[in-house]
Amino acid sequence: EPEVPSFIASKVSQYSCQRKTTLNNYNKKFTDAFEIMAENYEFKENEIFCLEFLRAASVLKFLPFPVTRMKDIQGLPCMGDRVRDVIEEIIEEGESSRAKEVSNDERYKSFKQFTSVFGVGVKTSEKWYRMGLRTLEEVKADKTLKLSKMQKAGFLYYEDLISCVSKAEADAVSLIVKNTVCTFLPDALVTITGGFRRGKSTGHDIDFLITNPGPEEDDELLHKGLLLYCDIIESTFVKEQLPSRKVDAMDNFQKCFAILKLYQPRVNSNSYSTSKNFDMAEVKDWKAIRVDLVITPFEQYAYALLGWTGSRQFGRDLRRYATHEKKMILDNHALYDRRERIFLKAGSEEEIFTHLGLDYVEPWERNA
Ligand code: CTP
Ligand code: MN
Ligand code: MN
Ligand code: MN
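Right under this line is the structure:
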């Protein structure tokens, strides 16, 4: 039995931004079941139950030992009755009958398939399900459906997009993005955010933050070349507007949910590129890769970096902590102190943690 003398359950914070969560998860058995439950509640738009399971999963990901008895979770935050029932059954039976039921549920299985397509969310899935559609084959066969430009691209590159992005591919795309950006903006800073910044070895996409030090903002950058599919969303940020209080608010940066065409290394070569291998015209020698590009003004860079590094749960808890413990409002642009009625400037993530009175948490410790 692992002895963890410094571990005191009742001292574990309910906020994941006050915990250090690495990718080393001792309780995958439990957290996988919780994530299935949470996803099913998300498909049913039951945000409260969804968050309950996501918070519980996040607490167990943080635990420095595997849970083997109910006593192990005594005193821990976020362990409501619904959560405890699942844990108890997994301890006793090795698996959760509820989670198993969900993963075999027709509606869940259909929503899971539908939302695996780029551009398809819960709303569209709901619509297709109500029309009687159950599988992607049925969706593709239905010629009456009006697909968005994004969804068409999602179906066109489906197989590539559901296969994970590797670290090697992320590094290759990173070089390409940096080179391309630098031909337009030589001083620009390009940073990988998202899961790869948290140390994950695979991802469903690659997230980039782009900023140009100095006063000039370049809103032309995204309109220049290189992308297979690109849906550019123009910046809607208004100076002096208060940060958003929504739990999962979209930010107002100019951004682009793109699909990039990455040429695979040829036989006897291992360099990726975005130019074609002419001697291999017959075989598909490229892979479609999902890339998020976010352009931020330099003075908002630290806030954008913190928000886009995630994890999603870590970000939710940072905002919840700011609101409930500090009377502040945090989003991907700014931090507003409601008592002082001022915006708190930050040039680094460390400064944001300091403003919030939190110990700094490294990116690889934000896998909540
Ligand atoms: N994010 C955000 N605003 C959006 C979209 C995403 O702030 N409009 C944040 C998410 O909260 C997340 C981070 O950006 O913390 C990266 O999002 P995403 O790519 O979906 O998740 P990853 O953690 O990178 O995981 P994956 O490997 O699946 O891509
Ligand atoms: Mn990502
Ligand atoms: Mn994701
Ligand atoms: Mn992303």
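Position one of the sequence shown corresponds to residue 387 (the numbering used here), numbered consecutively onward.
Using N, Cα and C, we set each Cβ at its ideal position, and we do this for glycine too.
Cα-Cα separation between residue i and residue j, rounded to whole angstroms
{"i": "Ser697", "j": "Leu440", "result": "12 Å"}
{"i": "Phe541", "j": "Lys647", "result": "15 Å"}
{"i": "Tyr687", "j": "Gly589", "result": "23 Å"}
{"i": "Tyr364", "j": "Ser734", "result": "Since the first residue shown for the chain is 387 and the last is 754, residue 364 is missing from the structure and cannot be characterised."}
{"i": "Cys550", "j": "Arg727", "result": "44 Å"}
{"i": "Pro683", "j": "Ser396", "result": "41 Å"}
{"i": "Arg520", "j": "Cys464", "result": "34 Å"}
{"i": "Arg470", "j": "Val445", "result": "13 Å"}
{"i": "Lys673", "j": "Phe700", "result": "31 Å"}
{"i": "Ile738", "j": "Tyr658", "result": "37 Å"}
{"i": "Gly600", "j": "Asp573", "result": "9 Å"}
{"i": "Ser392", "j": "Gln404", "result": "16 Å"}
{"i": "Glu555", "j": "Asn426", "result": "31 Å"}
{"i": "Asn410", "j": "Lys457", "result": "22 Å"}
{"i": "Gln839", "j": "Pro651", "result": "No answer is possible for residue 839: it lies beyond the span of the chain, which begins at 387 and ends at 754."}
{"i": "Pro452", "j": "Glu748", "result": "23 Å"}
{"i": "Pro629", "j": "Arg706", "result": "13 Å"}
{"i": "Lys586", "j": "Ser402", "result": "18 Å"}
{"i": "Asp634", "j": "Phe429", "result": "16 Å"}
{"i": "Ile592", "j": "Ile548", "result": "13 Å"}
{"i": "Leu704", "j": "Ser511", "result": "30 Å"}
{"i": "Lys415", "j": "Val567", "result": "42 Å"}
For residue i, the nearest candidate out of the options (CA to CA)
{"i": "Arg455", "options": "Ala443, Pro463, Glu478 and Cys436", "result": "Glu478"}
{"i": "Asp717", "options": "Lys586, Leu692 and Glu555", "result": "Leu692"}
{"i": "Leu575", "options": "Glu685, Val488 and Lys712", "result": "Glu685"}
{"i": "Asp557", "options": "Phe570, Tyr544 and Phe582", "result": "Phe582"}
{"i": "Gln640", "options": "Val680, Lys553 and Val669", "result": "Val680"}
{"i": "Ser482", "options": "Val563, Arg468, Lys731 and Leu462", "result": "Arg468"}
{"i": "Ala758", "options": "Val472, Glu711, Thr501 and Asp671", "result": "This structure cannot settle anything about residue 758, because the visible part of the chain is limited to 387 through 754."}
Bridge partner(s) assigned by DSSP for residue i
{"i": "Ile675", "result": "Leu646"}
{"i": "Met536", "result": "Answer is none; Met536 lacks a bridge partner."}
{"i": "Arg752", "result": "Thr407"}
{"i": "Leu716", "result": "Leu721"}
{"i": "Thr577", "result": "Leu595"}
{"i": "Gly589", "result": "Val551"}
{"i": "Phe729", "result": "Tyr722"}
{"i": "Ser659", "result": "Tyr649"}
Nearest-angstrom beta carbon gap, residue j and residue i [assumed within contact, 8 Å]
{"i": "Val421", "j": "Ala443", "result": "The question names Val, but residue 421 in the sequence shown is Glu. Yes, Glu421 and Ala443 are in contact; Cβ-Cβ is about 6 Å, under 8 Å."}
{"i": "Phe347", "j": "Arg676", "result": "What is shown of the chain runs 387 to 754, which leaves residue 347 out entirely."}
{"i": "Leu742", "j": "Ala690", "result": "With a Cβ gap of about 16 Å, Leu742 and Ala690 do not count as contacting."}
{"i": "Leu595", "j": "Thr577", "result": "5 Å"}
{"i": "Gly466", "j": "Glu487", "result": "In fact, because the Cβ distance is near 19 Å, the residues do not count as touching under 8 Å."}
Where residue i sits in the DSSP three-state scheme
{"i": "Leu446", "result": "helix"}
{"i": "Asp723", "result": "strand"}
{"i": "Asp418", "result": "helix"}
{"i": "Thr510", "result": "helix"}
{"i": "Ile476", "result": "helix"}
{"i": "Leu531", "result": "coil"}
Distance cut-off 7 Å: residue i Cβ against heavy atoms of ligand 6
{"i": "Asp634", "result": "Looking for ligand 6 in the displayed structure turns up nothing; the ligands present are ligand 1, ligand 2, ligand 3 and ligand 4."}
Any chain D beta carbon closer than 8 Å to residue i
{"i": "Cys568", "result": "Absence of chain D from the displayed structure is noted, only one protein chain being present."}
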